[in-house]
Amino acid sequence: MLRRLRGIHLLLTICSGTVLCAQANAQLPRWRMPIQARAVEPRIIAHGALTFQGPQLVSNELDHAAGVPWFGFEAGTGASFTVHDRWGVDVQGDFAYQSNMLWVDSVCFPIFLPNLRTEFRAWRLLPWPDWDEGELKITMAAGWDFQSGGEKSRDDDQYHTTTRYDALTRAFIAPELGLWYYDDASDRHEFAVRWVHHLDRTPAFTSTVTSPAGAATFTGTQDQLAFVYRHHFGLPKRVPQGPWPSTQFDDRTTDTLVTLSTRRSGVPLVLWDDAEHDGDTISVLLNGQVVLDHYELSPKHHRIYLPLNWGDNTVLVVAHNLGRVPPNTARAYIRTGHGRVRLLVKTTTDRNAVVKLRYQ
């Protein structure tokens, strides 16, 4: 009987402790529930491009013959993975419909060839001075073209054109230079110009134009200049989970550093320590949720992206220590779309700092 009573007492103690812990967690302030920021941000890509490629004249018996660069198009989809909004990689598949123009005497003949493409891209973002809407993007791509074999023919007055193309799988490289724009808190888009160079120099097609006066032969590698647009669709953020460390900040004095307005649904905040690296540690809360947790300031610029709600938003900076040289001091700037707003953020264990942002 005594053992049973002890067992019941132990069970009640465990249950009451569980209930008390659950109540304590339920009473945690909302701002102690951290946003689970991704180090690697995945996005879905929608891709479109206008391409220009031209044939090469290899033989001619006519009065005049020339290859003329002509436009084609391509469309595709894929996925991008951005690391800390600084560099990233993409994987993508495309369908391309490429065109070449044959100019013989006074007549032009367009040649259209479809193919499929898959590619991998690695890229780096570079800040552009005094430009707050985005950044410069440098990319190197590599992949394969997949072309099926076949033959096409057409007749135009006295001219007969025959185009033959073999089944080919060819590797290519493609350097890019573009502009990367911040659409909102999760989406991005870019404009770029690229040059596609095939490593296998085997002609992708051979076209022969014949007439009573003779014949002209054209070939082409399908190397191309392309003007590209890509939209990167962001994926939903993870659900906040778990309590944040229970340091009490509610009883501190809070200083308002500045009140700003922006038309952007998200803004970057950059923080660093431009003085002695003395162990200053801070956290940043956006609208009551942690976006930077127990970060030790250093001379290295640390960039975080702040997704804004419509209307008023509050960015709260709190100190966890004073470092070796009080107070806890950070340099910072925010890009609102109207230039950089530079800040000197001073916090202590008794005083917080806040920046108010109005998205309108």
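Read left to right, the sequence shown gives residues 146 to 505 (this note's numbering).
Positions of the beta carbon are idealized from the N, C-alpha and C atoms, including for glycine.
Quick check: residue i and residue j, are their CB atoms within less than 8 angstroms of each other?
i: F428; j: H439; result: Reading off the sequence, residue 428 comes out as Ser, not Phe. In this structure, H439 lies closer than 8 angstroms to S428 by Cβ.
i: Q237; j: T196; result: no
i: T307; j: S293; result: no
i: S225; j: D239; result: no
i: R503; j: S410; result: no
i: T494; j: A475; result: no
i: V412; j: R480; result: yes
i: G193; j: W215; result: no
i: F350; j: L247; result: no
i: R496; j: R339; result: no
i: N260; j: D290; result: yes
If you draw a straight line from the alpha carbon of residue i to that of residue j, how long is it in whole angstroms?
i: V499; j: K491; result: 10 angstroms
i: R375; j: T399; result: 43 angstroms
i: I318; j: Q369; result: 11 angstroms
i: Y327; j: L344; result: 34 angstroms
i: Y304; j: W232; result: 52 angstroms
i: Y478; j: G295; result: 59 angstroms
i: S443; j: H422; result: 6 angstroms
i: N454; j: V373; result: 31 angstroms
i: A337; j: L281; result: 10 angstroms
i: P452; j: S331; result: 8 angstroms
i: H541; j: H377; result: Within the shown structure, residues of the chain are numbered from 146 to 505, placing residue 541 beyond reach of any answer.
i: N473; j: F218; result: 55 angstroms
i: V435; j: I449; result: 11 angstroms
i: W325; j: H483; result: 17 angstroms
i: T401; j: G279; result: 28 angstroms
i: V384; j: L437; result: In this predicted model, V384 has a pLDDT of only 45, less than 50, meaning its place in the structure is not dependable enough to derive any value.
i: P187; j: E206; result: 56 angstroms
i: G221; j: P255; result: 24 angstroms
i: D300; j: W273; result: 53 angstroms
i: R408; j: V228; result: 25 angstroms
i: A241; j: Q505; result: 41 angstroms
i: T347; j: G456; result: 59 angstroms
i: P174; j: T426; result: Confidence in P174 is poor, its pLDDT being 37 and thus under 50, which makes the residue's placement unreliable; the coordinate value appears in the next sentence. Rounded to the nearest angstrom, the two C-alpha atoms are 21 angstroms apart.
i: T284; j: E335; result: 12 angstroms
i: G433; j: G424; result: 25 angstroms
i: A312; j: A210; result: 27 angstroms
i: A371; j: E441; result: 44 angstroms
Mind checking which residues open and close the beta strand (DSSP E) that includes residue i?
i: E280; result: G279 to Q292
i: T481; result: No beta strand (DSSP E) contains T481, which DSSP labels as neither H nor E.
i: T307; result: Y304 to Y310
i: R375; result: Q369 to G379
i: S204; result: Q201 to N205
i: Q507; result: Beyond the ends of the chain as shown, which are 146 and 505, falls residue 507; an answer cannot be given.
i: P452; result: H447 to P452
i: V470; result: It is not in any beta strand (DSSP E) - V470 carries neither H nor E in the DSSP assignment.
i: S331; result: S331 -> no beta strand (DSSP E), and no H or E assigned at all.
i: T227; result: W215 to V228
i: H411; result: Here residue 411 is Gly; the residue named in the question, His, does not match the sequence. Segment G411 to W417, the beta strand (DSSP E) holding G411.
i: T401; result: T398 to T407
i: L442; result: Per DSSP, L442 belongs to no beta strand (DSSP E) and is neither H nor E.
i: S356; result: F350 to S356
i: A360; result: G359 to G365
i: E264; result: V252 to L271
i: E296; result: G295 to D301
i: R346; result: No beta strand (DSSP E) holds R346; DSSP gives it neither H nor E.
i: R455; result: A small fix is needed here, since residue 455 is Trp in this sequence, not Arg. Where W455 is concerned, there is no enclosing beta strand (DSSP E), given that its DSSP letter is neither H nor E.
i: T426; result: T426 to L431
i: D239; result: W232 to V249
i: A498; result: R496 to Y504
Out of the options, which one is the CA nearest neighbour of residue i?
i: G212; options: E219, D230, A319 and D250; result: D250
i: L380; options: R333, V338 and H342; result: R333
i: I190; options: E206, P214, T426 and G223; result: G223
i: V118; options: I283, V403, N473 and R496; result: Since the first residue shown for the chain is 146 and the last is 505, residue 118 is missing from the structure and cannot be characterised.
i: V360; options: G424, V373, A194 and V203; result: Looking at the sequence itself, residue 360 is Ala, so the reference to Val does not match. Of G424, V373, A194 and V203, the residue nearest in Cα terms is V203.
i: E286; options: W273, D301, P320 and P255; result: In the sequence as displayed, the identity of residue 286 is Ala instead of Glu. Closest option to A286, Cα to Cα, is P320.
i: D302; options: C253, N432, A210 and L431; result: C253
i: L270; options: G323, D311 and A220; result: G323
i: A358; options: D208, A220 and E335; result: D208
i: G288; options: R315, D311 and W325; result: R315
i: L431; options: V185, K501 and H483; result: K501
i: L488; options: L414, G433, D425 and T426; result: L414
i: D230; options: V185, G433 and D425; result: V185
Is the CB of residue i under 8 angstroms away from at least one CB in chain B?
i: G456; result: Annotation note: the requested chain B is absent from the structure, which comprises a single protein chain.
| request: Count the CB pairs spanning the stretch 412-427 and the stretch 460-471 that are closer than 8 angstroms, and state whether there are at least three. | output: yes
| message | Does the structure place the stretch 447-465 close enough to the stretch 363-375 that three or more beta carbon pairs sit under 8 angstroms? | response | no
| message | If contact is defined by three or more beta carbon pairs under 8 angstroms, each pair taking one atom from either stretch, is the stretch 259-274 in contact with the stretch 351-360? | response | no
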